[in-house]
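Line by line, the protein sequences give chains A, B and C.
The first sequence begins at 1 in UniProt numbering and counts up by one.
The second sequence begins at 1 in UniProt numbering and counts up by one.
The third sequence begins at 1 in UniProt numbering and counts up by one.
Even for Gly, the Cβ is constructed at its ideal location relative to N, Cα and C.
For reference, the structure is listed below as structure tokens.
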Amino acid sequence: MFRNSYDNDSITYSPTGRLFQVEYALEAIKQGSASVGLVSKTHAVLVALKRNAEELGSYQKKIIRIDNHLGIALAGLAPDARVLSNFMRQQAMSSKMIYNRPIPVSRVASEIGDKAQKNTQVYGKRPYGVGLLVAGYDETGPHLFEFLPSGTVLEYFGAAIGARSQSARTYLERSFESFADCSAEELVLHGLRALRDTLAQDKELTIQNTSIGVVGLDSPFKLYDNEEVGEWLEKLGDVGSSRGRRQAEEAAAEAAAASAAAEAADTDAPTTDAPAADDEAAADLPAEPIETDD
Amino acid sequence: MDHMPENWGRPRNDVYGEYQSAIHNAGQGPQSRTQTPSITGTSVIAMKFDNGVMLAADNLGSYGSLARFTDQERLIKVGNETVVGISGDASDQQYIELLLERLLIEDNYPQDGHHLRAPHIYEYLSRVMYNRRSKIDPLWNAILVAGKNDDGSPFLGYVDLLGVTYSSPSIATGYGAYLAIPLMRKIVSEEADAKNVSEEQARKVIDECMKVLFYRDARSLDKYTVATVTLDGEVKMDKNVRCQNMNWRFAEGIRGYGTQKQ
Amino acid sequence: MTSIGTGYDLSNSVFSPDGRNFQVEYASKAVEADGTAIGIRCADGVVFAVEKIVSSKLLVPGANKKIQTIDRHVGVAYSGLTPDGRHLVDRGRSESYSWRGTYKVPISVPTLADRLSGYVQAYTCYSSVRPFGVSVIVGGVDDSGPHLYTIEPSGAFWGYMGAATGKGRQAAKSELEKLDLPNISARDAVKAAAKIIYVAHDDSKDKDFELEISWVSTSETGGLHQFVPKELLEEAERLAKADDDDEDDDDEMDED
Chain A
1 MFRNSYDNDS ITYSPTGRLF QVEYALEAIK QGSASVGLVS KTHAVLVALK RNAEELGSYQ
61 KKIIRIDNHL GIALAGLAPD ARVLSNFMRQ QAMSSKMIYN RPIPVSRVAS EIGDKAQKNT
121 QVYGKRPYGV GLLVAGYDET GPHLFEFLPS GTVLEYFGAA IGARSQSART YLERSFESFA
181 DCSAEELVLH GLRALRDTLA QDKELTIQNT SIGVVGLDSP FKLYDNEEVG EWLEKLGDVG
241 SSRGRRQAEE AAAEAAAASA AAEAADTDAP TTDAPAADDE AAADLPAEPI ETDD
Chain B
1 MDHMPENWGR PRNDVYGEYQ SAIHNAGQGP QSRTQTPSIT GTSVIAMKFD NGVMLAADNL
61 GSYGSLARFT DQERLIKVGN ETVVGISGDA SDQQYIELLL ERLLIEDNYP QDGHHLRAPH
121 IYEYLSRVMY NRRSKIDPLW NAILVAGKND DGSPFLGYVD LLGVTYSSPS IATGYGAYLA
181 IPLMRKIVSE EADAKNVSEE QARKVIDECM KVLFYRDARS LDKYTVATVT LDGEVKMDKN
241 VRCQNMNWRF AEGIRGYGTQ KQ
Chain C
1 MTSIGTGYDL SNSVFSPDGR NFQVEYASKA VEADGTAIGI RCADGVVFAV EKIVSSKLLV
61 PGANKKIQTI DRHVGVAYSG LTPDGRHLVD RGRSESYSWR GTYKVPISVP TLADRLSGYV
121 QAYTCYSSVR PFGVSVIVGG VDDSGPHLYT IEPSGAFWGY MGAATGKGRQ AAKSELEKLD
181 LPNISARDAV KAAAKIIYVA HDDSKDKDFE LEISWVSTSE TGGLHQFVPK ELLEEAERLA
241 KADDDDEDDD DEMDED
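This is the structure in structure tokens:
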């Protein structure tokens, strides 16, 4: 017998009205590395953390350009994202072909939402296993949408999906009120700061693992990869997680305290309390999730 | 005896082989589609001016040379800031009106601040017209689309049953292409000329053109509609306008038509 | 639900020995977990209001509309799985689209409700699909006046003067019963709707919510379904808040 007999397909409700297969698909997003998106009054920015399956392998693409005014960042099953991005490209092209108009961001976002919903209501299909951040600029300004496998599409000032994205969200929630008046550059830096908070302790943002997409008023969607990311990382300065940094600082403080304590062993100088909670916090960190972006 | 009536009077299978039913099902001849229009509307004329675009079309629906309907409206407001003028087949016009109505309804669904404006509607109609001509089943019309560009400047475009498209600061369909365009080009020949023409001046030329067309085009009417799309996003429809100060004295001198003996 | 786990609740379209389709009942549970949606049939139209639970402060206020339009004259509000609601609205749009192509007039609201409920019902008949996880309030104005219906996940549909679904439906329904239906004016109905959503909202469970109100009325919108003007929404919300606070005060006094 199955552990939970209501979770074998996406068309069976649990007695509480939940769709477990759809909820599990939402979990698949967290298996991928993080993507972060944010908007100002003039620009929309995507930043994402790329992974490589092995040392000699290439890094999995995380940001995909859809049209001149539009791009997506993904977390979860990359092949599913490719299906959706191809669909979005088709939608964007037909908007140009039929109406001579760049497709409104909100409309292409809800199109994929409606497409995803179908997979949750028919037997023999599975929900998409990928979350997308859709960022674009149209007549009504810059927009950021979060797409989920459930078919939910919501517009955000800032959003983060993927592994440890809660840390990025925490950063966004703390600082989103200042986004509106940011320049494109400041917005990218906010994005990178949010993104680096999703890093595992010993990891850093590098030109290999960081992708940046920018779109805005009079600036078509531009994707920065590899060497082009370098200048952004220089502007960012510290490329490690602030959480990792905090731990490093605390470790240093601890060491300093220990040596100070040793020095002050003879005297009655007060010793610094080494926060014991740190080790616990470190232990709580989730292990690097399996590579599903590849 | 063969009790199947459908087999009676046919070549006998046992003598001539199985009857080819394709012969029976062949119909009257090759499949054909609309080759000619029936109820038609004549010219639509339009020109840009400093603050927008002005169009005119008369209210006649002709059945060949018969002036069959005298209350046809051929200028259609599409959304809040676009006017489409249609000449040619009236039933195809009605179909185009249905397409445009559905288009607007769908465009309104998301309520996201996006609205189809003249260039978008023009592109859409161009696709429809070219598609149908490629199916060798054209919508028998020539269409003008007038409104505002994305940058707020006046927009005017033409598309016809062949899918031919072009833009110009003054355009006319049908007979208007010969009779009205020269008059309109007197004041708006180049794109830049439109900036020096006021709404009043444009109206004067439009009225003059409609009068000339009524004089010379035997499928026209002296009752017409003038639509004005202004850049502040307003559409005025001036209906049941009549040609003024006409003089038909010269008609007495025309010979060779009608009932005169000499 | 004593029959849970007896195996008759694992597949759609299967009756249990006592004649129930559990999957349909479970779908209704999804409805009960979502924010309240109400519809009011007033003198010359229909007013919709929804309580949109704000799950994150990063969400753009005013975006992410939940009330949708079918054709020009019909509004839809629903509680439950939002993507399912969008699916059903899409179906309604196709119905009205094809109706218009055939008859050159807008589809009547009763016909639309009938066809939509047929569609929902079909999703209870096959093991290859699941029922819709939404209760949908459909309303609008047509030649025969204002209409308001609710379609349940089972495909059942009922006409209403005031309808409510979602978390706060019980509280909302008792508030709706106090209104002078269907004589209330559209404008008054908007204010009443705002008040009802505030009453139905449970502060203890969900902190933040956004109020969304739309209407379709002969006198106010010329028979078109639209969101109410900003000023009216703000006024309605202000009155609703004041009222809500008063009641809270009263409660406190009662406790004293």
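What residues from chain A crowd round C:Asn64, counting only those whose CB sits closer than 7 Å?
-> Leu154, Glu155
B:Tyr109 touches chain C at which residues, Cβ-Cβ below 8 Å?
-> Gln68, Thr69, Arg93
Kindly list the residues whose CB is nearer than 8 Å to the CB of A:Leu236, restricted to its own chain and excluding five residues on each side of it in sequence; keep chain order.
-> Leu189, Leu192, Arg193, Arg196, Leu205
What separation, rounded to the nearest whole angstrom, lies between the Cα atoms of B:Lys135 and C:Glu51?
-> 50 Å
Is the Cβ of C:Met1 closer than 9 Å to any Cβ of chain A?
-> Unreliable placement is indicated for C:Met1, whose pLDDT of 48 sits below 50; no coordinate value is reported for it.
B:Gly64 to B:Ser87 span [Cα, whole Å] | 14 Å
Beta-ladder partner(s) of C:Glu51, from DSSP = C:Leu211
Distance CB(C:Arg187)-CB(C:Leu232) smaller than 9 Å = yes
If we count Cβ pairs, one from each stretch, closer than 8 Å, do we get three or more for the region 77-90 of chain C versus the region 25-44 of chain C?
-> yes
Near B:Ser126, which residues of its chain fall below 6 Å by C-beta distance, leaving aside the five closest residues on each side in sequence?
-> Val159, Thr165
By the 10 Å Cβ neighbour count, where 16 or more other Cβ atoms means buried, how is B:Ser153 classified, buried or exposed?
-> exposed
Quick one: residues in its chain with C-beta nearer than 6 Å to the C-beta of C:Val199, no 5 flanking neighbours on either side, listed in chain order?
-> Ala171, Glu175
Output yes or no for whether 9 Å exceeds the beta carbon distance between A:Glu185 and A:Ile207.
-> no
Pull up the distance between the alpha-carbon of C:Ser98 and that of A:Tyr59, whole angstroms please.
-> 48 Å
Evaluate the contact criterion for the region 118-136 of chain C versus the region 154-167 of chain C: three or more CB pairs, one atom per stretch, below 8 Å.
-> yes
What's the C-alpha gap between C:Gly118 and A:Gly230?
-> 59 Å
Contact list for A:Ile112 against chain B, beta-carbon separation under 8 Å | Neighbours of A:Ile112 on chain B: none; closest Cβ ~14 Å, over 8 Å.
Helix, strand or coil: how does DSSP classify A:Ser106 here?
-> helix
Can you have a look at B:Ser220 and say buried or exposed, based on whether 16 or more other CB atoms are within 10 angstroms of its CB?
-> buried
Quick one: give me the first and last residue of the beta strand (DSSP E) that C:Trp158 is part of.
-> 157-159
Helix or strand or just coil, what does DSSP make of B:Phe250?
-> helix
Can the beta-carbon of A:Gly113 be found closer than 9 Å to that of A:Val153?
-> yes
Do you know how far the Cα of A:Ser175 is from the Cα of B:Arg185?
-> 59 Å
Tell me, which residues are paired with B:Lys223 by DSSP?
-> B:Arg242
Among B:Asp71, B:Ala46, B:Arg10, which has the Cα closest to the Cα of B:Thr82?
-> B:Ala46
According to a CB-to-CB cut-off of less than 8 Å, which residues of the region 69-87 of chain C neighbour chain A?
-> Leu81, Thr82, Pro83, Asp84, Arg86, His87
B:Ile105 versus chain C: which residues are under 7 Å apart at the beta carbon?
-> Asp71, Arg72
Would you please state the rounded distance, in angstroms, between the beta carbons of B:Val44 and B:Gly85? I believe it to be under 8 Å.
-> 4 Å
Just list the alpha helix (DSSP H) runs in the region 50-135 of chain C, keeping only unbroken ones of 4 residues or longer that don't cross its boundaries, in chain order.
-> 82-103, 109-122
Quick one: what's B:Lys236 bridged to in DSSP?
-> B:Thr228
Output the distance between the C-alpha atoms of A:Asp225 and A:Leu74, rounded to the nearest integer angstrom.
-> 15 Å
Using three-state DSSP, classify C:Arg187 as helix, strand or coil.
-> helix
Use the C-beta contact count for B:Met210: other C-beta atoms within 10 angstroms, 16 or more gives buried, fewer gives exposed.
-> buried
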